[in-house]
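Encoded as structure tokens, the structure appears first; notes follow it.
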Amino acid sequence: MPFIHYEEEEVTTGHGTGTVKGFFLLNEGNMGSNKASIDFFSYETGRYIRNIYPSRNPEIVKELGDVGNDLAIYGSKLYAVINCSHYVEVMDVHTAKHVGSVDILNARYVVFEGGKAYVSSYAGPVQIDPDARPGKVVEVDTASLQVTREVVVGYQPEEMVVTDGKLYVANSGGYRYPDYDTTVSVIDLESFQVVKTIDVAINLHRMELDRYGRIYVSSRGDYYDVGADVYVIDSRTDQVLGNLGVAASEMCLSGDSLYMTSVEWSYATNSNTVAYTLYDVAREEVVSHNFITDGTDSQIQVPYGMAVNPETKEILVCDAKDYVTPGTLYCFSPEGTLKWQVTTGDIPAHFAFTTKSFQE
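Residues 1 to 360 (the UniProt record's numbering) are what the sequence shown spells out, left to right.
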């Protein structure tokens, strides 16, 4: 199928009453294909627009680049982390027009605090290497888009959360198989030094922070004997409180509801185990082993990106399918029934909700 250039379709009836005006969706694109792309959905019009970047930025010859790995909004800017093109693209959130970019080697994820962006970086080439160097977290001033500080952390750092003046980053060690990292690095944001290293579990990845000061960090296991799980850290004591006994490829926290999808691959059985788990962080218990209640989950080949609308609590689940053709985005009611679905770019993965009107 040819690369889609700016297609739109009406997928639902628009409603312009909410604070959330729409969301951007970053499609990763298969590694080496240079097909990272951004879609936009408008709650105001009910329209879904595919691949918005090229038409708004015709002067950018290679478009977004290779492997879109994270997407976030801070202030009036939209940030897209393009992993295998080694940079962060910065756009105007109203127009998706290029504002600037920040070159960061093997950039992974981004969080924000106090006028600064913090980007995790593998700090080396994109390749499996038992001698891969430790990664780092890079601080970027969001006004000037200049790198201001950086600090070395564990091996192949992934997602981050910020609380009480500290940044926590999950270290995977994914390039160093079978010698995975097992730690979370704790960075004091004032001094920008690692002040603590918490031993958690192997091959860490996702992170979510609840309103009780607990951090949820996913472990992908080793794909053979050690299964995936989610561990809980108390940010007030930096102690590991325990584990949930649940696998999570994706996590999204909305209020006290922690939504988790998992595609747990096992080389031992050459098969995937798929789950859609809902965990109540206040009650500290699993409340559902399948938050999709109408059977639509049987249509989803590979659940990938996921988000929950902070206002309506609608659940958004992406299907990456075969990783090389356009995916599908499903929108479910808070009760888990399908409301609409739409074709996306390749490997739909990362969401950013906006409260600002977008110039379609």
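Cβ atoms here follow ideal geometry from the backbone N, Cα and C, with glycine treated the same way. Please read all numbers here as calculations on a predicted model, not as lab measurements.
Checklist entry - Between residue 379 and residue 110, which are expected to be in contact by the criterion C-beta below 8 Å, what is the C-beta distance as a whole number of angstroms? => result Only positions 1 to 360 of the chain appear in the structure, and residue 379 is not among them; the question remains open.
Item to check | Buried or exposed (CB count within 10 angstroms, at least 16 for buried), residue 199 | outcome: exposed
Next on the checklist: Looking only at its chain, what residues have a beta carbon closer than 6 Å to the beta carbon of residue 42, apart from the 5 residues adjacent to it on each side?
Outcome noted: 22
Checklist entry - Given a threshold of 16 other Cβ atoms within 10 Å of its Cβ, counted over all protein chains shown, does residue 261 qualify as buried or as exposed? => result buried
Checklist entry - If you check the beta carbons only, do residue 86 and residue 106 fall under 9 Å apart? => result yes
Checklist entry - Looking at C-alpha atoms only, which residue of 296, 291, 320 is the closest neighbour of residue 305? => result 320
Checklist entry - Near residue 343, which residues of its chain fall below 7 Å by C-beta distance, leaving aside the five closest residues on each side in sequence? => result 326, 328
Checklist entry - Taking the C-alpha atoms as reference points, what is the distance between residue 244 and residue 254? => result 17 Å
Checklist entry - If you drop the 5 nearest sequence neighbours on each side, which residues of the same chain put their C-beta closer than 6 Å to that of residue 173? => result 155, 156, 180, 181
Checklist entry - If you follow the beta strand (DSSP E) that residue 326 is part of, which residue opens it and which one closes it? => result 326-332
Checklist entry - Which value, in whole angstroms, describes the spacing of the CA atoms of residue 146 and residue 103? => result 10 Å
Checklist entry - For the candidate residues 88, 286, 216, whose alpha-carbon lies nearest to that of residue 169? => result 216
Next on the checklist: Taking its Cβ as the centre, do 16 or more other Cβ atoms sit within 10 Å of residue 187, making it buried, or is it exposed?
Outcome noted: buried
Checklist entry - What are the complete beta strand (DSSP E) segments, minimum 3 residues, inside the region 41-94? => result 47-50, 68-74, 77-82, 87-92
Item to check | Nearest-angstrom Cα separation, counted from residue 51 out to residue 29 | outcome: 12 Å
Item to check | Nearest neighbour of residue 233, chosen from 197, 263, 223 [CA to CA] | outcome: 197
Checklist entry - Of all the options 303, 269, 252, 256, which has the alpha carbon lying nearest to the alpha carbon of residue 263? => result 303
Next on the checklist: For a test of the three-state rule: what should DSSP assign to residue 174, helix, strand or coil?
Outcome noted: helix
Item to check | Exposure of residue 32, with buried meaning 16 or more beta-carbon neighbours within 10 Å | outcome: exposed
Item to check | For residue 121 and residue 18, the rounded distance between their alpha carbons | outcome: 36 Å
Checklist entry - Of the choices 359, 292, 300, whose alpha-carbon is the least far from that of residue 337? => result 292
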